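Engineer:
Residue numbers (our numbering), protein chains in the order written: chain F, 1 to 404; chain P, 405 to 547.
As structure tokens, this is what we get:
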């Protein structure tokens, strides 16, 4: 890969060890993809996670004096003081989380601790070149917004944020943004959960690629897009997709395939979505918890929870959690949604994610969620996946009966 | 009538530098490092062709990585922290997450061997990977 004089100096360590390590990683990625050169980015999102591999790299950069050159937001970790008051988190795990959060502060990141930074804290514009890791963020930014990012890891995104550049490869190149498979959606897509199932099914079917979806009878909502992104990029590796007419980059199917005829085609009917749903009904009966907000709930989704819980009481044996960002929670508090949820016996928690060691107390418990991504991490004995309304009803009742 | 050894030298493409050598372990299936025992390096993924085999100090030959970035990177990092990571890795289809994994675990990583590694390298061969020079040397003892 060609390096400018300035990039060479960074690689030689003239600007400190932190930036040297960051550019070494970017050069390795550039070499892997035979990139010709680096290109500037305007922002990044590092999918920080409070795990040891994450800690190693962010401390390497922070201790070496590196600072983010462009706005770089962070993914959920967890507030150890908050969780220590509620239940025992293993000391060593808590220490990793504390050090990760402190190191991201030292590198000058935007401490959003949110997995949907494109909603508030770090929003790319159409056509921007960025480096966004995190399963929902990568496809959302590429497809719904029309900025350009590769499927980054936390470390490659952080390195790009520190250098302000990324190797020019993959989805930064127009020819690689071509649709690879046509998905005819004949299923009734009436709500957010249907888009969750659609994403789950499409990711599983195509595994890797750029699907071009047709058949949507109306514009998907923000939350429907978020769910489709998160699930298709968890059950498969879908860094980008098209819904011509509703996503920004191609207005027709032909344009999405860059003039080529689609090779593979799949059709998704109600039957496939019902099957996907049934697959997720792993058990029934008494539940110990309900976990919502994977990805982080938006203000609108917190409102939905408050509406469903107003005047009701969550069963004494059920812990009820809504994960969201600090920015969404401030508004939800101000408007009064948080109060309604807390009066019913639920919690609205910020800065964390269901895939963090702070939830170890539920390791052997059975619960419910509206997110197959949440269930996929296997941090619980069982996590049944169902619609939000069903999760809330089950939380009040204390048990779940499969509805087919 | 002794044993004869066959030595093959192949050019490769460096991704993560360094040198590593050891017994080859060939996997035809993608690998997720998170699904290995972090203390020993033994593959725990019950449906994987390498289940029960040990990655520790081997030269690992495999088609690609798999699984989410967080678990993959953390998985290889934990193996390296416990000194049971592979000595070097020869891969066919590389992607960003695998590069990051090898970078933070400091495991030499190469691709684009001039011949198909799955044809040339067998489990048990002695393999030297010199990523810096872009050379893989395979030694096989044939009886």
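Built from N, CA and C at the ideal position, the CB exists for glycine as well. None of these values were measured; they are calculated from a predicted model.
1. Could you tell me the distance, in whole angstroms, from the CA atom of residue 61 (chain F) to the CA atom of residue 396 (chain F)?
2. Hey, could you find the ends of the beta strand (DSSP E) residue 297 (chain F) is sitting in?
3. Would you list the one or two residues that DSSP bridges to residue 417 (chain P)?
4. For residue 65 (chain F), does the three-state DSSP call read helix, strand or coil?
5. Answer with buried or exposed for residue 12 (chain F), where buried requires no fewer than 16 other C-beta atoms within 10 angstroms of its C-beta.
6. Should the segment 275-294 of chain F be called in touch with the segment 356-376 of chain F, which here means at least 3 C-beta pairs below 8 Å?
7. Give a yes or no on whether the minimum CB-CB distance between residue 542 (chain P) and chain F is below 8 Å.
8. Classify residue 340 (chain F): buried if its beta carbon has 16 or more other beta carbons within 10 angstroms, exposed otherwise.
9. Please report the distance separating the alpha-carbon of residue 534 (chain P) from that of residue 518 (chain P).
10. Residue 168 (chain F) and residue 36 (chain F) look like a contact to me (Cβ under 8 Å); what is the Cβ gap, rounded to whole Å?
11. Since I believe residue 492 (chain P) is in contact with residue 424 (chain P) (beta carbons under 8 Å), could you give me their beta-carbon distance rounded to a whole number of angstroms?
12. Between residue 420 (chain P) and residue 507 (chain P), is the Cβ-Cβ spacing less than 8 Å?
13. At the level of alpha carbons, what is the spacing between residue 381 (chain F) and residue 540 (chain P)?
14. Closest by CA to residue 182 (chain F), which one among F:6, F:211, F:57, F:342?
15. Could you tell me whether the Cβ of residue 473 (chain P) comes closer than 8 Å to any Cβ of chain F?
16. Examine chain F for any beta-carbon lying closer than 8 Å to the beta-carbon of residue 418 (chain P), and answer yes or no.
17. Against chain P, does residue 136 (chain F) count as a neighbour if the rule is that its beta carbon must be under 8 Å from one of theirs?
18. Are residue 136 (chain F) and residue 45 (chain F) close, meaning C-beta to C-beta below 8 Å?
19. Comparing alpha-carbon positions, which option in P:544, P:426, P:501 lies nearest residue 461 (chain P)?
20. Along the chain, where does the beta strand (DSSP E) that runs through residue 423 (chain P) open and close?
21. Please classify residue 157 (chain F): is it buried, with 16 or more other beta-carbons within 10 angstroms of its beta-carbon, or exposed?
22. Does the beta carbon of residue 450 (chain P) sit closer than 8 Å to a beta carbon anywhere in chain F?
23. Please classify residue 418 (chain P) as buried or exposed, where buried requires at least 16 neighbouring CB atoms within 10 angstroms.
24. Which residues does DSSP list as the beta-bridge partners of residue 384 (chain F)?
Structural biologist: Looking at the atomic coordinates:
1. Stepping through the first chain from its first residue, residue 61 (chain F) is reached at position 61. Stepping through the first chain from its first residue, residue 396 (chain F) is reached at position 396. Their backbone Cα atoms lie some 47 Å apart in a straight line.
2. Numbered from its first residue, the first chain carries residue 297 (chain F) at position 297. Judged by DSSP secondary structure, residue 297 (chain F) falls within the beta strand (DSSP E) whose first and last residues are 289-297.
3. Here residue 417 (chain P) is taken as the residue at index 13 of the second chain, counted from 1. In DSSP, residue 417 (chain P) forms a bridge with P:515.
4. Locating residue 65 (chain F) in the first chain gives position 65, where the first residue counts as 1. DSSP places residue 65 (chain F) in coil when its eight states are reduced to three.
5. Stepping through the first chain from its first residue, residue 12 (chain F) is reached at position 12. Per the 10 Å Cβ criterion, exposed.
6. yes
7. Counting from one through the second chain, the residue named residue 542 (chain P) turns up at place 138. For residue 542 (chain P), no Cβ of chain F is located within less than 8 Å of the residue's own Cβ.
8. Numbered from its first residue, the first chain carries residue 340 (chain F) at position 340. Burial call: buried.
9. If you number the second chain from 1, residue 534 (chain P) lands on position 130. If you number the second chain from 1, residue 518 (chain P) lands on position 114. Cα to Cα, residue 534 (chain P) sits roughly 14 Å from residue 518 (chain P).
10. The residue you call residue 168 (chain F) lines up with position 168 of the first chain. The residue you call residue 36 (chain F) lines up with position 36 of the first chain. Indeed they touch by this definition, with Cβ atoms about 6 Å apart.
11. Reading the second chain from its first residue, position 20 is the one you call residue 424 (chain P). Reading the second chain from its first residue, position 88 is the one you call residue 492 (chain P). Sure, about 3 Å apart at Cβ, within 8 Å.
12. Within the second chain, residue 420 (chain P) is the residue found at index 16, counting from 1. Within the second chain, residue 507 (chain P) is the residue found at index 103, counting from 1. The answer is yes: Cβ separation under 8 Å.
13. For the purposes of this step, residue 381 (chain F) is taken as the residue at position 381 of the first chain. For the purposes of this step, residue 540 (chain P) is taken as the residue at position 136 of the second chain. Rounded to the nearest angstrom, the two C-alpha atoms are 45 Å apart.
14. As a first step, residue 182 (chain F) must be located in the first chain, where it is residue number 182. The residue with the shortest Cα to Cα distance from residue 182 (chain F) is F:211.
15. Sequence index remark: in the second chain, residue 473 (chain P) carries index 69 (1-based). Yes, residue 473 (chain P) counts as interfacial toward chain F.
16. Translated into positions along the second chain, residue 418 (chain P) becomes position 14. It does; some Cβ of chain F falls within 8 Å.
17. Taking the first chain and counting its residues from 1, one reaches residue 136 (chain F) at position 136. Output row for residue 136 (chain F): interface = no.
18. Here residue 136 (chain F) refers to the residue found at position 136 when the first chain is read from its first residue. Here residue 45 (chain F) refers to the residue found at position 45 when the first chain is read from its first residue. With respect to the 8 Å criterion, residue 136 (chain F) and residue 45 (chain F) are not classified as neighbours on the basis of their beta carbons.
19. As a first step, residue 461 (chain P) is located in the second chain; it is residue number 57 there, counting from the start. Ranking P:544, P:426, P:501 by Cα distance to residue 461 (chain P) puts P:426 first.
20. Numbered from its first residue, the second chain carries residue 423 (chain P) at position 19. Start and end: 423-430.
21. Counting from one through the first chain, the residue named residue 157 (chain F) turns up at place 157. Residue 157 (chain F) should be labelled buried.
22. Stepping through the second chain from its first residue, residue 450 (chain P) is reached at position 46. No - not a single Cβ of chain F is within 8 Å of the one on residue 450 (chain P).
23. The residue labelled residue 418 (chain P) in the question sits at position 14 within the second chain. The residue in question, residue 418 (chain P), is buried, as its Cβ has 16 or more Cβ neighbours within 10 Å.
24. Taking the first chain and counting its residues from 1, the one referred to as residue 384 (chain F) is at position 384. According to DSSP, which records beta bridges pairwise, residue 384 (chain F) is partnered with F:368.
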